[in-house]
Structures are given as C-alpha cells and as structure tokens.
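Here is the structure we will look at.
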Amino acid sequence: MTYVPIGHDATVYAPPAETPEPELYHPKTFIGKYIWSQDAKVIAIQYSITAIGVGLVALVLSWLMRLQLGFPNTFSFIDPSAYLQMVSMHGMIMVIYLLTALFLGGFGNYLIPLMVGARDMVFPYLNMLSYWIYLFAVLLLLASFFVPGGPTGAGWTMYPPQAILTGAPGAGWGIILMLVSLAFFIVGFTMGGLNYVVTVLQARTRGMTLMRMPLTVWAIFTATILALLAFPALFVSAIMMTLDLTLGTSFFMPGIVSQGKQLGYGGGSPVLFQHLFWFFGHPEVYIVALPAFGIVSDILSVNARKNIFGYRMMVWAIVGIGALSFVVWAHHMYVSGMNPYFGFFFATTTLIIAIPTALKVYNWVLTLWQGNIRLNVPMLFAIGFIFTFIHGGLTGIFLGNVAVDLALSDTMFVVAHFHMVMAIAPVLVVMGAIYHWYPKMTGRMLDDTLGKIHFWVTFLGSYAIYLPMHYLGFLGVPRRYYAMGDTYFVPDSAQSLNASITIAALVVGVFQLLFLYNLVWSYFKGKPSGDNPWEATTLEWQTADTPPKHGNFGPELPVVYRWAYDYSVPGAAKDFIPQNEPPDLSAAGAGVPRT
3 MTYVPIGHDA
13 TVYAPPAETP
23 EPELYHPKTF
33 IGKYIWSQDA
43 KVIAIQYSIT
53 AIGVGLVALV
63 LSWLMRLQLG
73 FPNTFSFIDP
83 SAYLQMVSMH
93 GMIMVIYLLT
103 ALFLGGFGNY
113 LIPLMVGARD
123 MVFPYLNMLS
133 YWIYLFAVLL
143 LLASFFVPGG
153 PTGAGWTMYP
163 PQAILTGAPG
173 AGWGIILMLV
183 SLAFFIVGFT
193 MGGLNYVVTV
203 LQARTRGMTL
213 MRMPLTVWAI
223 FTATILALLA
233 FPALFVSAIM
243 MTLDLTLGTS
253 FFMPGIVSQG
263 KQLGYGGGSP
273 VLFQHLFWFF
283 GHPEVYIVAL
293 PAFGIVSDIL
303 SVNARKNIFG
313 YRMMVWAIVG
323 IGALSFVVWA
333 HHMYVSGMNP
343 YFGFFFATTT
353 LIIAIPTALK
363 VYNWVLTLWQ
373 GNIRLNVPML
383 FAIGFIFTFI
393 HGGLTGIFLG
403 NVAVDLALSD
413 TMFVVAHFHM
423 VMAIAPVLVV
433 MGAIYHWYPK
443 MTGRMLDDTL
453 GKIHFWVTFL
463 GSYAIYLPMH
473 YLGFLGVPRR
483 YYAMGDTYFV
493 PDSAQSLNAS
503 ITIAALVVGV
513 FQLLFLYNLV
523 WSYFKGKPSG
533 DNPWEATTLE
543 WQTADTPPKH
553 GNFGPELPVV
563 YRWAYDYSVP
573 GAAKDFIPQN
583 EPPDLSAAGA
593 GVPRT
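Using the working numbering, you'd call the opening residue of the sequence shown number 3 and step up by one each time.
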C-alpha cells in the first residue's frame, strides 16, 4: 500500500481573477522611494522605526520612575510633579504610540499584502498619509516635554476633573498637546485601518480564501476592525475634554470649588469620560493582543513543523474575543461606585472572554505536542509569550472579581498584572516576530547567540521585575505614589524589594540595546538568509526576491492551492508544502491509501 500525499484542503482549482491587477506607482527618486513612499513595506519600516524610537523614550522614563521608587529622594531632579508626568507619558507612549503602531502600522503593513498575495495595499497614497499623520502625532506628544509646565501628569488615563485643573502637572499645554496628538493619531490610524480591511477583503490572490489565510492576517484584520470601532470613543472624549479646557464647556466637569473659588463648570460627568475611555481601553488590550496571538500561532507552527491545531477554532476564537472585548470595559471601573448588578454583569463577561482565550492557549500547547521542535530564537520568544500570557491571564481572574478588585485596584498588583499581559507578553511577540521576519526584510539573519542572550535576560529579568510586584500589591503598596513615607501597614522589606525590582528593570532595559546592536550589525554583516530560511509555507517566503521588491511577487501573482499550515504531510518529499505549490493529483485516488 502507498500513500499519495495531499494537504487537508489542497485543490488544483483556483478561481479566475475577478479584476485586472492595479497599476503601481513606481517612484524614480530616493525621496519617492524611501521618504514619501507608497510601498507598504517601506511604510511598515517607517512605522516600526518611529514606534521603536518613541518607545525608547518611554523606556528611559520607566528607568527614572524605578530609580525614584527603588531609591527614594536620591535624585533631586525627580520631584513629585516630574514623577507623575513620567508615569503619564510612559503609559500613553507604550500602549498607543509603540504597541498599537508597531503591531498594526508595522507588521500590518508589511505582512498583509505579502501574506494574502497582493501587490500592495489597496490605497497606497492613503497609506503614506497615515504614516505621516502618525509621525506628526508623535512629534506633538513629544513637544509637550518642552512647553511651559511640561507634559500632563494626570496619568495615562487622563481622568477629569484633575487632568485639566490647575493643580495637576501639565494642566495647560501639556494635556492639550496629548489630547490633540491622540486625535491626530486616530485620524492617521483610520486611514491605515481602512486600507488593511479593504486589502484583506478585496485584494487576496487567486485561491486565497478567508479560511486559507494565515492566522497572523486574521488577527491583524480583526484587531483593525476593533480599532475602527473603539477609537472613535477616545477621539470624541479627547475633543470634548479639549473643549472643557479651552472653551469652558462642561462635558466632563461637574460644579467644582477650587481654592475657595467656584469654577465656571457645572453639570458634567467625570464618570462619562471613564466609560468612553474604557470603551476604547479594553478593546485596545485586544487590539494589541490579537496580532500577538496570530503571530505566535504562525511562529509555533513553523518551528514545531506541525500544522496549527484547530485552525478554524483559532479563527473563531479570534473573532469571538474581538466581539466580547466590547462588553467588558467597566471591569476597569469597579471602584467608581457602579451598581452591584452592573458589577455582576461585567464580572461575568470578563470570565466568559477567558474561554476563547483559553482555547487558543490549549491549541498552542497541542501544536507543540509531539512536534519536531526547533528551539531557535523566534520559537523561544513565542514559548516565553505563552508562559507570560498565562501568568498575566491568571492574575486577571483576580481583578475580574469585584470583591477582590476593590482591595487590589489601586495597588502594585494591578501594575504587575497589566505589564505581564499588556507589556511583557506582546513585547516578547514583537521581538520574536522581528527575529522571524528580519531575514525577509533584509536578506540577512540576526546573530543567533546575541538573540538567545537577549531572550533569556529579557524573559527571566521580566519575571524578576513583576513577580515581586504582585507580592507588593498584596501588601497594599499603592501605585502612582511618588514616595511611601512612614506607611504603617507596609513592612520595611517592601523597600528592599522595590530596590531589587529597580535593579532588574535597569538590567533588562540595558540589554534591549544589545537587540538594537544586533539589528544594525546584522544588517551589514549578518549571514545571508536565502529566500526561506525557516522552511515556511506562507506566501511571503515564496517571493521572487529577498527582500521583496515593489510589487512583491514579480510578473505573476502567486496562485494559492492549499492552507497555510501544510507541515509534515505524510508521504510528502519535504516537511513543508508552500501555499502556492499545486497538489500532485496525477495518480487516481490521490490523497487516499491505494494498493
């Protein structure tokens, strides 16, 4: 008995093209190719460099915050106002201007056209505009460091009324620049987001059905839809708060007496802002997390040499998480005094959203089960993400419970949970994704030894920072405090723990410079990668050139005959079959045993 190999959905039929290929704009000058570029790959690298650059600013701010917490009152330039401004700018930069921009603007732009077999984004000019508006938003935000009063110190959540009252640091130009910057960021993202959605729906190559798309594309596509629906809530709240500050309206400002004087506000609702902010804020968690889920799924499958376990279940889990993310926002507001029945509803939906998330974790583990695992650097980061995300998710169950959250809400426990889920986990994926796709972007491999050192220091160092922080939260150490003082319920040992956390944070931060060195050194002197160093099946590894030229695929677009996960197909000559390789149906009864 012999077996003629065929993938689970492989077919020789591909539907004819419905529309002719679009005309691409081919620039002739350096400025046209690399500055005002309409090539999605160049725009992706522009997004990534800008996001990483502003992220380094936020990293330095976190070092300064940790120096104050670990060694209080040692550094004279860190006063209470400066500390609050660092907290605010660090949080906003990392969540919005780094992670959102990097996952959607960076990986979204680079991977979507290549993975679905398109020449470029559907609206290249709009894509170019989206980046430059993003850059303008970043510059506006950074300008707040140089205006009178400095940047806002109201926290990254910008809660009114304190955000715009004169007692808060940066209550004038600082908060205005942040709000206007956010508005521009959302305008720029909307241009890019519409591009991603239309490209996925309308520009897929022949044979690339929705259920043959890699999970990375599904995840970025779903996250983009979430962002298009959630960002308007932040946009209108930013405009309304700007009007409260500049024109004296009272959208969010109740009647207030400040320093013995009745201010001109009245009738506004600060809690309304919280609802608007968190209606955006919790989908934002999944705007970052879903692309990470998709990227991890693809890295695991490639390096386990197995098809992803439960592909359709993974797709529907992504869609389900996206839908449910809009009905859990108020679990961030348990301490706002909401009706207990609402608390019960949002606690329940918080537990329900854990179900599709847990399905993804099970499927990742089952993908690894009995796989031919290659423990290269991208795989290490992917497995590190699974550990970290599980840990962060488990602490989220604590905070999803109303009674427990009331005690822990304003403690360092929340800082630890938030960073495990929303900082360390996605950053591990960002690192793994860069190690994975850097060969396609540059034609060179990153240094493997430096990569493994970078992984182990980052992974273990992150746990040295955030595991003790959970314990500090249980002790009742509050977050956002500049200094503890003589707090009777916090033992002296908590300060020693804070100092050790600071040292760990500084070490982990410095080792990110090793990663940047690896990026630059390998670009010039790295080992040539070839076209498909990981032996992957997806279309971005099947391009005619590495790095891909403008237009991606040479004179003819690829035709897709199978899904993205044909690894270790029984009887196949190789342990991977690219999506654009047609099945061998020359023998009768192909795909079934025959004698």
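Every residue gets a Cβ at the ideal spot worked out from N, C-alpha and C, and that includes glycine. Since this is a predicted model, take the numbers as computed values, not measurements.
Taking 8 angstroms as the threshold (C-beta atoms), are residue j and residue i in contact?
i    : j    : result
A60  : H92  : yes
D300 : V379 : no
G195 : A501 : no
F223 : I98  : no
L448 : Y437 : yes
Y473 : L408 : no
A205 : V124 : yes
T390 : H419 : no
L230 : L302 : no
I467 : A507 : yes
V118 : T13  : no
V89  : R482 : yes
F457 : L368 : no
V562 : G209 : yes
Cα separation between residue i and residue j?
i    : j    : result
T444 : S83  : 44 angstroms
L245 : S524 : 49 angstroms
L137 : D577 : 43 angstroms
A16  : G373 : 31 angstroms
G434 : F555 : 25 angstroms
V509 : G463 : 8 angstroms
L69  : L86  : 14 angstroms
V321 : G110 : 17 angstroms
L66  : Y519 : 23 angstroms
A538 : G453 : 20 angstroms
F346 : L228 : 24 angstroms
G394 : I388 : 10 angstroms
G1   : F517 : Because the chain spans 3 through 597 in this model, residue 1 falls outside it and cannot be assessed.
W366 : P162 : 42 angstroms
V416 : G270 : 29 angstroms
I80  : F32  : 44 angstroms
M471 : G262 : 40 angstroms
T248 : S132 : 28 angstroms
W175 : A156 : 13 angstroms
Exposed or buried, residue i, counting other C-beta atoms within 10 Å across all chains shown (16 or more means buried)?
i    : result
P493 : exposed
H28  : exposed
K30  : exposed
M3   : No answer about M3 holds up, because its pLDDT of 47 lies below 50 and its placement is not dependable.
R446 : buried
A405 : exposed
N75  : exposed
A575 : exposed
E558 : exposed
P342 : exposed
P18  : exposed
P115 : buried
E583 : buried
I177 : buried
I357 : exposed
G250 : exposed
CB-CB under 7 angstroms to residue i, same chain, minus the five flanking residues each way: which ones, in chain order?
i    : result
V594 : Caution is warranted here: a pLDDT of 43 is assigned to V594, below 50, making its placement in the model unreliable, and the coordinate value is therefore given only provisionally. Around V594: no qualifying Cβ.
F491 : G478
L1   : Absent from the structure is residue 1, since the part of the chain shown begins at 3 and ends at 597.
V329 : T351
A360 : none
F290 : This sequence places Val at residue 290; Phe is not what is there. For V290, where only same-chain residues beyond five positions count, the Cβ hits under 7 angstroms are L101, T102, F105, M424 and P428.
L410 : F400, L401, V416 and G475
Give every residue of the same chain whose Cβ lies closer than 6 angstroms to the Cβ of residue i, excluding the five residues on either side of it in the sequence, and list them in chain order.
i    : result
P22  : none
L326 : I355
G108 : A46, Y49 and S50
A232 : F282 and P285
K35  : P29
P441 : M447, S531 and P535
G312 : N365
Less than 8 angstroms between C-beta atoms, sequence neighbours within five positions excluded: which residues of the same chain meet that for residue i?
i    : result
L100 : A53, I54, V56, G57 and A60
W280 : W331, A332, H334 and M335
V287 : S327, V423 and M424
ask   = Are at least three pairs of beta-carbons, each pair with one atom in the region 288 to 299 and one in the region 239 to 256, less than 8 angstroms apart?
value = no
request  = Would you check if there are 3 or more beta carbon pairs closer than 8 angstroms linking the region 509 to 527 to the region 535 to 549?
outcome  = no
The region 268 to 277 touching the region 178 to 187, judged by at least three CB pairs closer than 8 angstroms = no
query = If we count Cβ pairs, one from each stretch, closer than 8 angstroms, do we get three or more for the region 214 to 230 versus the region 551 to 566?
reply = yes
inquiry  = So, does the region 249 to 266 touch the region 124 to 135, judging by three or more C-beta pairs under 8 angstroms?
reply    = no
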